[in-house]
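Okay, structure first, notes after.
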């Protein structure tokens, strides 16, 4: 029985072999790879004991951040309640303004006759027939069929890319890297030559401007090459990180069904709000307005309609960010259950439990996270707007720099806070504090994982979608007579595919972040739940700021 228990216990990389019963917070001299919890000593022992218990919370979770859930529900209920009122209280004469005329006796607008109204409504609903010539019909037919085929092919295409990244990550990355430069160069030279040959384009776009754009694009390509050269030493480690994340995602393919379903549910949720916004525009009255001594009848909205528009738009934006954070939560919870599972066994109902948590105890945390992201984006948009207006002064420059630094810090902290909340079920502020202390204690720098892997994945999907667009354009030129319109159809197909692949990269990025947090928890506890993950993530660079504090504190332990 004792041997069986020992074999099921996770491997402890950091425990000295000479003293198997020695606690993790002992004062033996630590190596640089050991958790910081071994270095801090007895002064911070109570906090460290709390963090040693970090793992995936399989038990019942208590509801957190309830006030923000109530606030979000108030926004949603107010939007729907006022929308229903707008639908019932709409003015039926809102589309019949032309049938009203100013009456000088009553100083108001009165309806002339029912004939004019009937004529107007007939013209409004039936209108003039729209004629489509054969060329436009052929263009729309080709566009629709191309988008439908692209949408159908995107599913096996994404699975194929995931399979390649899982088994042939190194080959895919190194084969794609040259195309990061070749594809932009090809398009840059192609448009320049095509515009020079075409008389219409050359007349509308002079040679001097064409050369200027050509040189500018080549300068941008040069910057891309410089970025590759500077970060070349990181590519090998990033390749391994992407392979680990692809393996984790391939073991949880159900996410590809749940995440699009959540997005579809958000669109269905938008439909009544959009309908309410349309009906809100019909709430008002026809009033006279003086213009150069003449009175005309115009439509005037009720005073509450602009406020309702603001409320509905804010609710939609907040709901969008809540859904984004909810998807991150589901990804993190599902991947964390896979990570902490024993003997490579696939956990049962991991996605269902994550969905139950995100729409249950952690719904307030998701609402708070979405609200913070919304505020950050609004403030950043205001800062960017002020920059475009060229607000002069050193004070404005300093304020913009401080605000940008603060917003970047909030974005970074929020990114891993949701991952941690999905794992532990803690409240938002508690998760933020514990995440920061966890990464700080273990000398981990997440900026490396976030930037390099994201850029490489973005480059890969750009290359693949560009190659697909070239193939689509070649096929259209061979089987149709669209002429220059084939480029337009190919560009639309490229946009659709790159949006789908961007969603795939978004999922894979969140998997990378979740595995990173799980590795930090493992490292903090001195355990190894996934050996293949530790073999890769152990090579991550150490945070310089935290390393300096480690060097300063080490002599005190000895």
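In this note's numbering, the protein residues as written are 46 to 603. Here a beta-carbon is modelled for each residue, glycine too, at the ideal position from N, C-alpha and C.
Which of helix, strand or coil does DSSP assign to residue i?
| i | result |
| --- | --- |
| residue 580 | helix |
| residue 344 | strand |
| residue 472 | coil |
| residue 574 | coil |
| residue 140 | coil |
| residue 329 | strand |
| residue 279 | helix |
| residue 404 | coil |
| residue 297 | coil |
| residue 460 | helix |
| residue 153 | strand |
| residue 430 | helix |
| residue 394 | coil |
| residue 336 | strand |
| residue 614 | One cannot answer for residue 614 here, as it falls past the ends of the chain, which runs 46 to 603. |
| residue 64 | Model confidence at residue 64 stands at a pLDDT of 37, short of 50, so the residue's coordinates are unreliable; what they give is reported in the following sentence. Coil. |
| residue 305 | helix |
| residue 564 | helix |
| residue 525 | coil |
| residue 486 | helix |
Rounded to whole angstroms, what's the CA-CA distance from residue i to residue j? Just pull it up for me.
| i | j | result |
| --- | --- | --- |
| residue 459 | residue 424 | 16 Å |
| residue 17 | residue 255 | The structure shown does not extend to residue 17, since the chain is modelled only from 46 through 603, so no value can be given for it. |
| residue 240 | residue 225 | 23 Å |
| residue 521 | residue 227 | 23 Å |
| residue 426 | residue 262 | 27 Å |
| residue 412 | residue 563 | 24 Å |
| residue 302 | residue 357 | 29 Å |
| residue 260 | residue 376 | 43 Å |
| residue 195 | residue 332 | 51 Å |
| residue 405 | residue 479 | 22 Å |
| residue 265 | residue 218 | 21 Å |
| residue 552 | residue 125 | 31 Å |
| residue 416 | residue 367 | 8 Å |
| residue 554 | residue 249 | 43 Å |
| residue 399 | residue 452 | 29 Å |
| residue 211 | residue 298 | 13 Å |
| residue 205 | residue 123 | 45 Å |
| residue 110 | residue 476 | 12 Å |
| residue 578 | residue 378 | 17 Å |
| residue 275 | residue 269 | 10 Å |
| residue 409 | residue 372 | 15 Å |
| residue 369 | residue 315 | 15 Å |
| residue 295 | residue 112 | 37 Å |
| residue 309 | residue 365 | 12 Å |
| residue 267 | residue 237 | 18 Å |
| residue 130 | residue 351 | 15 Å |
| residue 116 | residue 418 | 16 Å |
Under 7 Å, do residue i and residue j count as touching if we go by C-beta distance?
| i | j | result |
| --- | --- | --- |
| residue 543 | residue 510 | yes |
| residue 550 | residue 512 | no |
| residue 380 | residue 466 | no |
| residue 560 | residue 221 | no |
| residue 464 | residue 567 | no |
| residue 135 | residue 327 | yes |
| residue 574 | residue 384 | yes |
| residue 614 | residue 233 | In the structure as shown, the chain begins at 46 and stops at 603. Residue 614 is therefore absent and cannot be evaluated. |
| residue 484 | residue 565 | yes |
Residue i: buried (16+ other C-beta within 10 angstroms of its C-beta) or exposed?
| i | result |
| --- | --- |
| residue 271 | exposed |
| residue 235 | exposed |
| residue 473 | buried |
| residue 144 | buried |
| residue 216 | exposed |
| residue 584 | exposed |
| residue 342 | buried |
| residue 193 | exposed |
| residue 387 | exposed |
| residue 539 | buried |
| residue 243 | exposed |
| residue 429 | exposed |
Does the beta carbon of residue i come closer than 7 Å to any beta carbon on chain D?
| i | result |
| --- | --- |
| residue 203 | Here chain D cannot be found, since the structure has a single protein chain. |
Q | Start-end ranges of the beta strand (DSSP E) lying completely within the region 226 to 288, minimum 3 residues | A | none
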